[in-house]
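Encoded as structure tokens, the structure appears first; notes follow it.
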Amino acid sequence: MKQLTLNNGWFSNTRSDILSGMTVAVALIPEAIAFSILAGVSPMVGLYASVCIAMITAFAGGRPGMISAATGAMALLVGTLVAQYGIEYLFAATVLTGLIQILMGTLKLGRFITFVPQPVMTGFVNALAILVFMAQLTHFKGQGWIMYGLVALTLVIIYVVPKFTKVIPSALFAIIAVSVLSISLHLDVKTVGDMGNITAALPLFHIPQAPFTLDTLLIILPYSLSLAVVGLLESLMTATLIDDITGTGSDKNREAKGQGLANVVTGFFGGMAGCAMIGQSMVNMKSGGRTRLSTFVSGIFLLFLILVLGDVVKQIPMAALVGVMFMVSISTFEWGALKTLARVPVSDALVMIVTVVTVVATDNLSIGVLFGVLLSALSFAWKIASIRVTVQEASSSRTYRVSGQLFFGTTSHFVQQFQYETDPAEIIIDFSHSHVWDQSAVSAIAKIIGKYAQHDKKVIITGLNEESSRLLKRVGLSLSGGH
63 MKQLTLNNGW FSNTRSDILS GMTVAVALIP EAIAFSILAG VSPMVGLYAS
113 VCIAMITAFA GGRPGMISAA TGAMALLVGT LVAQYGIEYL FAATVLTGLI
163 QILMGTLKLG RFITFVPQPV MTGFVNALAI LVFMAQLTHF KGQGWIMYGL
213 VALTLVIIYV VPKFTKVIPS ALFAIIAVSV LSISLHLDVK TVGDMGNITA
263 ALPLFHIPQA PFTLDTLLII LPYSLSLAVV GLLESLMTAT LIDDITGTGS
313 DKNREAKGQG LANVVTGFFG GMAGCAMIGQ SMVNMKSGGR TRLSTFVSGI
363 FLLFLILVLG DVVKQIPMAA LVGVMFMVSI STFEWGALKT LARVPVSDAL
413 VMIVTVVTVV ATDNLSIGVL FGVLLSALSF AWKIASIRVT VQEASSSRTY
463 RVSGQLFFGT TSHFVQQFQY ETDPAEIIID FSHSHVWDQS AVSAIAKIIG
513 KYAQHDKKVI ITGLNEESSR LLKRVGLSLS GGH
């Protein structure tokens with residue numbers, strides 16, 4: 063596919079962006095309805111959220127071509143709130159979620175996405191592909207061979223049409239063709255209308271009717287914090303994935319603020335909190351969408367479908383949309399990771415597998431990423447938590463050459479390497495091949511100097527790099543000591 067840079071603006075890929083945005087809008091409808099049901103609210107709450115979030119992030123987001131809307135991860139978090147306190151508290155929590163995300167963007171917390179290792183990213187992507195695939199299986203319940211046939215036909219169209227023409231995204235062509243076939247033959251299959259009622263009405267400005275009190279804040283704050291963190295994590299992970307696909311960069315802090323603004327507005331227009339959708343973003347990418355125009359079109363065309371073509375949309379067979387999502391699942395999965403699994407370090411392979419298993423088991427992408435990052439951090443700490451001390455003798459002194467990272471994980475072993483009673487009067491500790499990282503390391507050095515001082519022996523510290531030397535001086539430890 064043609065790669066575009068961030069500076070190419072809104073209209074550098076117009077035809078592809080418009081068509082891909084339309085494809086995404088159609089595919090958004092059943093998911094928005096399903097997520098609304100999951101949250102225990104009217105289907106229109108998810109649809110309104112998807113319209114508002116897509117349109118606002120098109121302008122305010124930091125990643126062109128990314129699709130944001132109501133999502134399952136966010137819906138899972140608010141079911142209890144709606145059940146216990148009602149939908150107005152959901153709207154209030156959505157507004158607060160947005161404010162928290164704006165604050166996170168202002169504090170530039172988006173840069174922490176760089177701490178997510180590649181094995182976690184790979185596991186995240188593969189787990190998403192599996193979840194997308196599994197989520198479609200429920201649509202086969204109670205359906206006959208016609209459903210399977212239409213799904214197969216959809217996939218054939220998606221993969222065959224590009225060999226003849228790329229004028230229209232094959233996914234959109236497949237949805238239209240299969241819909242026409244199903245409607246004209248009056249096939250008895252599940253349709254979008256079976257997912258929930260679609261009302262032809264504009265979202266209206268609405269101040270959440272929850273008491274403006276401290277009690278209300280204490281009720282919604284835990285939900286809003288969870289929504290803000292989960293939504294931001296999924297959005298930044300998605301942005302990073304699209305960065306890789308398109309070969310372009312994105313502004314993660316702007317994305318955090320853009321997601322926040324979108325959620326604030328959504329809360330005032332009768333919608334639920336949302337975030338970036340990897341599945342729909344991949345539909346956009348595979349359909350040729352690249353700029354902000356594709357994101358905006360997905361929102362505005364979704365609104366058009368709700369207001370004008372609601373009766374037509376209700377007749378779209380779910381088989382067509384299931385086929386599209388199967389395509390997304392197949393194309394999203396990093397098949398190459400299976401080939402390299404045996405060649406990468408065992409720790410990296412384990413991190414990827416744990417991330418995938420955790421995400422699939424919990425149905426929560428954020429928990430899987432958290433486990434993956436934690437396991438990666440522990441693996442890294444284990445790798446660097448080794449320090450080696452070699453000894454060089456001289457006539458009146460002994461030199462200890464230190465190799466490795468000196469930090470809280472290696473100080474205990476480090477202190478045990480010295481012969482305090484039998485060493486000569488002058489001890490040289492050479493840190494030319496080491497780095498002193500923290501207070502624990504400085505304390506360990508001070509302890510060694512103190513033990514030698516008890517035996518009236520002098521310790522000379524040499525080879526410290528600038529940062530290590532600065533740390534020791536700041537703490538007040540002299541670079542030479544003893545009597």
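Under the numbering used here, think of the first position of the sequence shown as 63, with each following residue one higher.
We put the CB at the ideal spot given by N, CA and C, even for glycine.
- [ ] Could you tell me which residues DSSP pairs with Ala132 in its beta bridges?
- [x] Taking the first residue of the sequence shown as 1, we reach residue 132 at position 70. According to DSSP, Ala132 bridges with Gly336.
TODO: Flag this pair as yes or no: are the beta carbons of Ile304 and Ser343 separated by less than 8 Å?
DONE: Indexing the sequence shown from 1 puts residue 304 at position 242. Indexing the sequence shown from 1 puts residue 343 at position 281. Contact flag set, yes.
Open item on the list: I'd like to know whether the C-beta atoms of Ile95 and Met257 end up nearer to each other than 8 Å.
Closed with: Position 33 of the sequence shown, counting from 1, holds the residue named residue 95. Position 195 of the sequence shown, counting from 1, holds the residue named residue 257. The Cβ atoms of Ile95 and Met257 lie closer than 8 Å to each other.
Task: Whether Thr473 touches Ala503 by CB criterion (8 Å) - done: If you number the sequence shown from 1, residue 473 lands on position 411. If you number the sequence shown from 1, residue 503 lands on position 441. Yes, the Cβ-Cβ distance between Thr473 and Ala503 is below 8 Å.
TODO: State the CB to CB distance for the pair Leu138 and Ile282, rounded to an integer number of angstroms; the pair is presumed to be in contact (CB under 8 Å).
DONE: Counting from 1 along the sequence shown, the entry for residue 138 is found at position 76. Counting from 1 along the sequence shown, the entry for residue 282 is found at position 220. Not a contact, Cβ separation roughly 16 Å.
Task: Per-residue DSSP class, three states only, for Arg405 - done: Numbered from 1 along the sequence shown, position 343 holds the residue referred to as residue 405. Taken through DSSP and simplified to helix, strand or coil, Arg405 comes out as coil.
Task: Distance between Ala324 and Ile118 (C-alpha atoms, nearest Å) - done: Your numbering for residue 118 matches position 56 in the sequence shown. Your numbering for residue 324 matches position 262 in the sequence shown. Roughly 6 Å separates the two Cα atoms.
Task: Reference Ala411, options Thr142, Val242 and Ala399, closest by Cα - done: Start at 1 with the first residue of the sequence shown, and residue 411 comes out as number 349. Among Thr142, Val242 and Ala399, the Cα nearest to that of Ala411 is on Ala399.
Open item on the list: Less than 8 Å between CB atoms is the rule here; does Phe174 satisfy it with respect to chain D?
Closed with: In the displayed structure, chain D is absent; only one protein chain is listed.
- [ ] Compute the Euclidean distance between the alpha carbons of Leu289 and Val86, then round it to the nearest angstrom.
- [x] Looking up residue 289 in the sequence shown gives position 227. Looking up residue 86 in the sequence shown gives position 24. So the two alpha carbons sit approximately 24 Å from each other.
- [ ] Measuring alpha carbon to alpha carbon, tell me which of Val113, Thr308, Leu276 and Asp313 ends up nearest Ser297.
- [x] Against the sequence shown, residue 297 aligns to sequence position 235. Checked all of Val113, Thr308, Leu276 and Asp313; the closest Cα to Ser297 is Asp313.
Open item on the list: For Leu468, list the residues DSSP reports as bridge partners.
Closed with: Looking up residue 468 in the sequence shown gives position 406. Answer is Val498, bridged to Leu468.
Task: CB contact flag (Phe274, Tyr110, <8 Å) - done: In the sequence shown, counting from the first residue as 1, residue 274 sits at position 212. In the sequence shown, counting from the first residue as 1, residue 110 sits at position 48. Not in contact: Phe274 and Tyr110 (Cβ atoms no closer than 8 Å).
Open item on the list: Check for me: the alpha helix (DSSP H) holding Thr184 runs from which residue to which?
Closed with: By one-based count along the sequence shown, residue 184 stands at place 122. It spans Gln180 to Leu199 - the alpha helix (DSSP H) in which Thr184 sits, taken as one unbroken run.
Task: Pairwise C-alpha distance: Gly185 and Ser546 - done: Nothing can be reported for residue 546: it is not among the residues displayed for the chain, which extend from 63 to 545.
TODO: Kindly indicate the opening and closing residues of the alpha helix (DSSP H) around Ile164.
DONE: Working through the sequence shown from its first residue, we reach residue 164 at position 102. Taken as a continuous stretch (DSSP letters only), the alpha helix (DSSP H) holding Ile164 covers Ile149 to Thr168.
- [ ] Using the Cα positions of Thr420 and Arg450, report the straight-line distance between them to the nearest angstrom.
- [x] By one-based count along the sequence shown, residue 420 stands at place 358. By one-based count along the sequence shown, residue 450 stands at place 388. The straight-line gap from Cα to Cα measures roughly 37 Å.
Open item on the list: Please classify Ala423 as buried or exposed, where buried requires at least 16 other C-beta atoms within 10 Å of its C-beta.
Closed with: Against the sequence shown, residue 423 aligns to sequence position 361. Exposed: under 16 other Cβ atoms inside 10 Å.
- [ ] Between the Cα of Lys319 and those of Met84, Trp207, Leu295 and Thr310, spot the shortest distance and give me the residue it belongs to.
- [x] Start at 1 with the first residue of the sequence shown, and residue 319 comes out as number 257. Between Lys319 and the set Met84, Trp207, Leu295 and Thr310, the nearest pair of CA atoms involves Leu295.
Task: Simplified DSSP assignment, three categories, for Gln454 - done: Working through the sequence shown from its first residue, we reach residue 454 at position 392. Per DSSP, reduced to three states, the secondary structure at Gln454 is strand.
Task: Proximity winner among Arg352, Lys348 and Phe469, relative to Ser232 (alpha-carbon distances) - done: For this step, residue 232 is matched to residue 170 along the sequence shown. For Ser232, the nearest C-alpha among the options comes from Lys348.
TODO: Check whether the Cβ of Ser458 sits closer than 7 Å to any heavy atom of the ligand SAH, and report yes or no.
DONE: Ligands displayed in this structure: none; no statement on the ligand SAH is therefore possible.
Open item on the list: Taking its Cβ as the centre, do 16 or more other Cβ atoms sit within 10 Å of Leu276, making it buried, or is it exposed?
Closed with: The residue given as residue 276 occupies position 214 in the sequence shown. Per the 10 Å Cβ criterion, exposed.
Open item on the list: Classify Phe363: buried if its beta carbon has 16 or more other beta carbons within 10 angstroms, exposed otherwise.
Closed with: Here residue 363 is taken as the residue at index 301 of the sequence shown, counted from 1. Phe363 comes out buried.
Open item on the list: On the CB-based measure, 16 or more other CB atoms within 10 Å of its CB, does Val418 come out buried or exposed?
Closed with: Taking the sequence shown and counting its residues from 1, the one referred to as residue 418 is at position 356. By the 10 Å Cβ count, Val418 comes out buried.
TODO: Determine the contact status of Arg354 and Gly167, defining contact as a CB-CB distance below 8 Å.
DONE: On the sequence shown, position 292 is the one that residue 354 refers to. On the sequence shown, position 105 is the one that residue 167 refers to. Taking 8 Å as the Cβ cut-off, Arg354 and Gly167 do not qualify as a contacting pair.
Open item on the list: What does the alpha-carbon distance come out to for the pair Gly430 and Ile340?
Closed with: As a first step, residue 430 is located in the sequence shown; it is residue number 368 there, counting from the start. As a first step, residue 340 is located in the sequence shown; it is residue number 278 there, counting from the start. If you take the alpha carbons of Gly430 and Ile340, they lie about 15 Å apart.
Task: Bridge partners - Thr41, DSSP secondary structure assignment - done: Within the shown structure, residues of the chain are numbered from 63 to 545, placing residue 41 beyond reach of any answer.
Task: Cβ-based neighbour list, Phe73, same chain, cut-off 7 Å, excluding 5 preceding and 5 following - done: Taking the first residue of the sequence shown as position 1, residue 73 is located at position 11. Around Phe73: Leu355.
Task: Residue environment, Trp207, which counts as buried when at least 16 other CB atoms sit within 10 Å - done: For the purposes of this step, residue 207 is taken as residue 145 along the sequence shown, with counting starting at 1. By the neighbour-count rule (16 or more Cβ atoms within 10 Å), Trp207 is not buried but exposed.
Task: Under 8 Å between C-beta atoms of Ala89 and Val384 - done: Looking up residue 89 in the sequence shown gives position 27. Looking up residue 384 in the sequence shown gives position 322. Not in contact: Ala89 and Val384 (Cβ atoms no closer than 8 Å).
TODO: Report yes if the CB atom of Thr452 is closer than 8 Å to the CB atom of Arg463, and no otherwise.
DONE: Within the sequence shown, numbered from 1, the residue matching residue 452 stands at position 390. Within the sequence shown, numbered from 1, the residue matching residue 463 stands at position 401. With contacts defined by Cβ atoms closer than 8 Å, Thr452 and Arg463 form a contacting pair.
- [ ] Take Ser441 and list the residues in its own chain whose beta-carbon comes closer than 6 Å to its own, dropping the five residues that flank it on each side.
- [x] Within the sequence shown, residue 441 is the residue found at index 379, counting from 1. Hits under 6 Å: Ser409.
Task: Nonlocal neighbours in the same chain, by C-beta distance under 7 Å from Ala443, ignoring five residues either side - done: Position 381 of the sequence shown, counted from the start, is the residue given in the question as residue 443. Closer than 7 Å at the Cβ level, and outside the excluded window around Ala443, lie Gly471.
- [ ] Starting from Thr461, follow its DSSP beta bridges and name the residues at the other end.
- [x] The residue you call residue 461 lines up with position 399 of the sequence shown. According to DSSP, Thr461 shares a beta bridge with Gln454 and Ile490.
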